[in-house]
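Below: the structure, in C-alpha cells.
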Amino acid sequence: MFRRFRAAGELPYGAFGELVWETQRLEMQALAERVMAERQQAQSMEIDLQCGGVNLTGWLQQVQPDGLLRWRPSLLSVSQGMQLWLEHLVYCASGGTGESRLFVRKEGEWRFPALAPAEAQAYLNELVDGYLLGMSQPLLLLPESGGAWLKACYDAEKDVILMDEETQQKARSKFLQTYEGNMVVSGEGADIWYQRLWRSLEPAHYEEIIAQTQRYLLPLYRYHRSTQI
Numbered sequence: 315m316f317r318r319f320r321a322a323g324e325l326p327y328g329a330f331g332e333l334v335w336e337t338q339r340l341e342m343q344a345l346a347e348r349v350m351a352e353r354q355q356a357q358s359m360e361i362d363l364q365c366g367g368v369n370l371t372g373w374l375q376q377v378q379p380d381g382l383l384r385w386r387p388s389l390l391s392v393s394q395g396m397q398l399w400l401e402h403l404v405y406c407a408s409g410g411t412g413e414s415r416l417f418v419r420k421e422g423e424w425r426f427p428a429l430a431p432a433e434a435q436a437y438l439n440e441l442v443d444g445y446l447l448g449m450s451q452p453l454l455l456l457p458e459s460g461g462a463w464l465k466a467c468y469d470a471e472k473d474v475i476l477m478d479e480e481t482q483q484k485a486r487s488k489f490l491q492t493y494e495g496n497m498v499v500s501g502e503g504a505d506i507w508y509q510r511l512w513r514s515l516e517p518a519h520y521e522e523i524i525a526q527t528q529r530y531l532l533p534l535y536r537y538h539r540s541t542q543i
C-alpha cells in the first residue's frame, strides 16, 4: 500500500514521505486499539419519537449493550461531536442507558454520559426546532468557529460562560482564527454557502453566531466527559 501511494504521488518525496506514512500508520494503529478495547456485539435499535410535532422514526445502527461506539480516521471536530450528540439524544430518549463515544486520531474523543429520557427528549426537541427554523431561514450555526469561541470561554467546573472583557477578547480571537484559517488550513468562513450570506463578517453576524452557539453547542461542552477537546 505504501508503494502504491508513493507511486501515485500522494506522499512527499523521499524520506519525508516515509516519515509521514509511519506517523499516519502509528496514529491509525492507536485508534484501532482503542476501538477494539471497547467494541462489543451490537444491534440496531428501532426509533419512534415525537419531537415537537415531528414524528422521528427509523433505526439507530450499531448499538452496543454499553451504549454507542463510533470512530473516524480523522482529527477531532465539533461537527463530529454534534453528530454523536444527536445520536446520543435519540438513543437516550428511546430508553438507552449507556454512554456514547467517538474516537478519532491523536487520542481525540467525544464522550457523553447517559441522560434521563425526558432530559434527552427536551434537548432533541430543541434541535428539531432548530432544524425547522433552518428550513425557512439561514441558521447561523458555525460549529467549528463557534466551538472555538465556546471552548475559550466556557468554565466546565462552574457551568458558566465567562463574559468578562479579557476572556471574551481571547474567545473572539479563537473564533476568528478558526473562521479565517491560515496558509495551511482553510477557515470555516471559506465555505461558499457562508460567503453567499455575507461579503464580510459584520458585528451583527458575529453576535448571531454566538447566540446560536450557546443555544445548540453549549450542551455538547456541558455533558462532554473528556479533556481531549
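Counting in my numbering, the sequence shown runs from 315 upward without gaps. We put the CB at the ideal spot given by N, CA and C, even for glycine.
Assign TYR327 to one of two classes, buried (16 or more other C-beta atoms within 10 Å of its C-beta) or exposed (fewer than that). exposed
* Asked: Exposed or buried, which one is MET342 when buried takes at least 16 other CB atoms within 10 Å?
  -> exposed
Original post:
Going straight from the alpha carbon of ALA525 to that of LEU333, what length do you get?
Top reply: 43 Å
* Name the residue from ASP380, TYR405, GLU347, ALA351 whose alpha carbon lies nearest to the alpha carbon of GLU360. => TYR405
Notebook entry, point to check: Does the segment 400 to 420 come within contact of the segment 380 to 387, defined as at least 3 CB pairs closer than 8 Å?
Noted result: yes
task: On the DSSP bridge assignment, give the partners of SER414 in chain order.
output: LEU382, PHE426
Opening and closing residue of the alpha helix (DSSP H) in which LEU464 lies
457 to 467
- Query: What are the start and end residues of each continuous beta strand (DSSP E) run of 3 or more residues lying completely inside the segment 341 to 414, in chain order?
  - Reply: 357 to 365, 368 to 378, 381 to 385
Evaluate TYR437 with the Cβ neighbour count: other Cβ atoms within 10 Å of its Cβ, from every protein chain shown; 16 or more gives buried, anything less gives exposed.
buried
Below 7 Å CB to CB, which residues in the same chain sit around THR492 once its five sequence neighbours on both sides are set aside? GLU458, SER459, ALA462, GLY501, GLU502
Check your understanding: Who does ILE475 pair with in a DSSP beta bridge?
Key -> TYR468
DSSP-derived helix/strand/coil call for SER500: strand
message = The alpha helix (DSSP H) that contains GLU421, what's its start and end?
response = Element bounds for GLU421: n/a, residue is neither H nor E.
Beta carbon of LEU534 nearer than 8 Å to that of GLY395 | yes
Q) Over what stretch of residues does the alpha helix (DSSP H) that includes ASP443 continue unbroken? A) 431 to 448
Given this structure, state the Cα-to-Cα distance separating VAL392 from SER358, to the nearest angstrom.
25 Å
* To do: Find out if the Cβ-Cβ distance for the pair GLY444, TYR530 is shorter than 8 Å.
  => yes
Along the chain, where does the alpha helix (DSSP H) containing GLU522 start, and where does it finish? 517 to 530
- Message: Whole angstroms are fine: how far does the CA of SER408 sit from the CA of VAL499?
- Response: 39 Å
* So, is ARG536 buried or exposed, given that buried needs 16 or more other C-beta atoms within 10 angstroms? -> exposed
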